[in-house]
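Please read the structure below before turning to the comments.
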Amino acid sequence: MTRTTSAARILALAPLFALGLSLAGCKKDAAQPEATATASAEASEEATEAAPMRAEDWIRANHRDALTSDLGKLQYATAETDLDGDGTPEVLVYLGGPMFCGTGGCNLAVLKRQDGDLVQVSETSVVQLPVGVLDSKSHGWRDLAVTVSGGGMAEGISRLRFSGRGYPTNASVEVSAGAAAISKPLIAEDALKPLD
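The opening residue of the sequence shown carries number 54 in my numbering; numbering runs sequentially from there.
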């Protein structure tokens, strides 16, 4: 092969070589938006993780019928305390209004934080305010003290003991002289507010 033939071949291949380099350069440019999109998605996930579900969000998601009822406005009160000793506070939600209350009281939901969500542990009916927490424990969870009265029942304090799966569904079942006063109220008598 002569030098002229080799030079002609190199000149013929030069445009292909230049095209290859320019395409390689384009590929790098295309990868940058993907990296930016990935970083943006990661930042969005971190922001989502940083904002755990609020009690108000849980009420809206789980009690839509009460929000649209013609019977009257839903009212609620919340408190947070670590009931199971895991270092993360559980959320107590006292639900008031015609959809949740009878002559004996209203409903108290206990919620646990799990992966940014609130998961219902139990819901107890016939609860009056105030609601408190006791130092005693049942199955590793602190006992709750709730006021009970009305519906033909004399006023008293009920000790709600955790069963291993939840608190009792009705507060009037275990009225206890051992919990004669709520020394550590979490939700006061006048704590109810409307859900906007």
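By construction, the Cβ of each residue, glycine as well, lies at the ideal position given by its N, Cα and C atoms. Note that the structure is a prediction, hence the values are computed from the model and not measured.
Check                                                                                                                                                   : Outcome
Quick one: grab the DSSP three-state call for Asp-135.                                                                                                  : coil
Around the Cβ of Asp-306, are there at least 16 other Cβ atoms within 10 angstroms (buried) or fewer (exposed)?                                         : The structure shown does not extend to residue 306, since the chain is modelled only from 54 to 249, so the question has no answer here.
Looking only at its own chain, which residues have a Cβ that is under 7 Å from the Cβ of Thr-131, when we skip the five neighbours before and after it? : Ala-108, Val-144, Leu-145, Val-146
Is Asp-135 near the ligand ATP, going by C-beta to nearest heavy atom under 7 Å?                                                                        : For the structure depicted, the ligand ATP is absent and the ligand set is empty, with no information on it obtainable.
Take Gly-209 as the anchor and find which of Glu-227, Trp-194, Leu-124, Lys-237 has the nearest alpha-carbon.                                           : Glu-227
Buried or exposed: Thr-200, going by 16 or more other Cβ atoms within 10 Å of its Cβ?                                                                   : buried
Suppose you measure from the CA of Ile-240 to the CA of Lys-246; what does that come to, to the nearest Å?                                              : 12 Å
Taking DSSP as the reference, what is the three-state secondary structure of Leu-148?                                                                   : strand
Could you give the distance in angstroms between the alpha-carbon of Cys-154 and the alpha-carbon of Ser-236?                                           : 25 Å
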